[in-house]
Amino acid sequence: MSQAIPVEQTQPFGPAHAKRPSMVGVGTIIWLASELMFFSGLFASYFTIRAHDGTPWPPTATHVDPIRAGIFTFILVMSSVTMQHAVWQEEKLLRASARFWTIMSFLLGAAFVANQAYEWLTVDFTPKTNAYGSMFFMMTGLHALHVTLGLLAMVALLGRMIGPRGDPGEVPVFQAVAYYWHFVDIVWVGLYASLFLLH
Numbered sequence: 009m010s011q012a013i014p015v016e017q018t019q020p021f022g023p024a025h026a027k028r029p030s031m032v033g034v035g036t037i038i039w040l041a042s043e044l045m046f047f048s049g050l051f052a053s054y055f056t057i058r059a060h061d062g063t064p065w066p067p068t069a070t071h072v073d074p075i076r077a078g079i080f081t082f083i084l085v086m087s088s089v090t091m092q093h094a095v096w097q098e099e100k101l102l103r104a105s106a107r108f109w110t111i112m113s114f115l116l117g118a119a120f121v122a123n124q125a126y127e128w129l130t131v132d133f134t135p136k137t138n139a140y141g142s143m144f145f146m147m148t149g150l151h152a153l154h155v156t157l158g159l160l161a162m163v164a165l166l167g168r169m170i171g172p173r174g175d176p177g178e179v180p181v182f183q184a185v186a187y188y189w190h191f192v193d194i195v196w197v198g199l200y201a202s203l204f205l206l207h
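Quick note: to get the working numbering, add 8 to the position in the sequence shown (first position is 1).
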C-alpha cells in the first residue's frame, strides 16, 4: 500500500511561501504618487495663468535658450539610463560596476543642476518681471530641488556600497532611487516642453 502524502507537502505555494511586496517599493510608489499630484498642480497652475495672461509665452521681451536647455535635457535623460544600468549591475551583485554607473548618474545630474543655476543667473528676467518669469523660476527651482534630493540619495547609495560584492538586500534601495530619478527626469521633459518650446 502506498503511503499517504501530507497535504502540506503537496501545496508548497501556501501563504508561508507567498512573496511579500517590498516595503521600500510600496513606500516609493506612494511617495511618487504624491509627487505626481504636486507637479500636476504646478502644471495646471502654469497653463491656467498662461491662458488668462493673453500674451505670448515666453513673452517677446523674455529670452530663454531652448537649444542649451535641450542639450542639458538630453544629459538628464542619459543620467536616467546610467542609473538604470546601476540597478541592473546591483541586481547581478556586480558592486564595482554598479558603483561606476551610480557615479556617472551623479555627475550627469550635477551638471544639469549647475546649468540650471547658471541659467538663473544669466536670463534677462526675474520672478518679478512678469507672470512667465514667476512660473519659470518657481517650477525650475522646485524641480532643481528634487534633482538635488536625488543626488543626495545617490551619495547615500555610494556610502552603502562597501565591499567588492553586492548585497541582494540593497537591490530594493537601488530600485527606489532609480524610480525617483526616472520620475524627476520625466517631469523635466514636461517642464522643458512647457517653458521652452510651447509658444
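Just so it is clear, CB atoms sit at the ideal spot from N, CA and C, and this is done for glycine as well.
DSSP places Ile-75 in the uninterrupted alpha helix (DSSP H) bounded by 74 to 99. Under the 10 Å beta carbon count, Asp-193 is surrounded by 16 or more other beta carbons and is classified as buried. Per the C-alpha coordinates, the member of Val-95, Leu-102, Leu-129 and Gly-141 positioned closest to His-190 is Val-95.
Under the three-state reduction of DSSP output, Leu-206 falls in the coil class, being neither helix nor strand. Rounded to the nearest whole angstrom, the CA to CA distance from Phe-204 to Trp-65 is 9 angstroms.
The way I'd put it, the stretch 119 to 132 does touch the stretch 71 to 87; three or more beta-carbon pairs between them come closer than 8 angstroms. Annotation for Val-179: Val-95, Glu-98 and Glu-99 place their beta carbon closer than 8 angstroms to its own, counting only its chain and skipping 5 residues before and after. Straight across, the Cα-Cα distance linking Phe-145 with Ala-184 is about 28 angstroms.
Contact check for Thr-81 against Leu-166 fails: the beta carbons are separated by 8 angstroms or more. DSSP places Met-147 inside the alpha helix (DSSP H), whose first and last residues are 139 to 168. Non-local C-beta neighbours of Thr-90 in its own chain, meaning closer than 7 angstroms and more than five positions away in sequence, comprise Trp-109, Met-112, Ser-113 and Leu-116, ordered along the chain.
Comparing alpha carbon positions, the residue from Ser-105, Leu-84, Ile-83 and Val-85 closest to His-93 is Ser-105. The Cβ atoms of Met-143 and Tyr-54 sit closer than 8 angstroms to each other. Here His-154 is buried, its C-beta having at least 16 other C-beta atoms within 10 Å. Here the C-alpha atom of Asp-132 lies approximately 16 angstroms from the C-alpha atom of Thr-148. In this structure, Gly-158 places its C-beta atom within 8 angstroms of the C-beta atom of Tyr-188.
For His-71, same chain residues with a beta-carbon under 6 angstroms away, outside a window of 5 residues either side, are Asp-132 in chain order.
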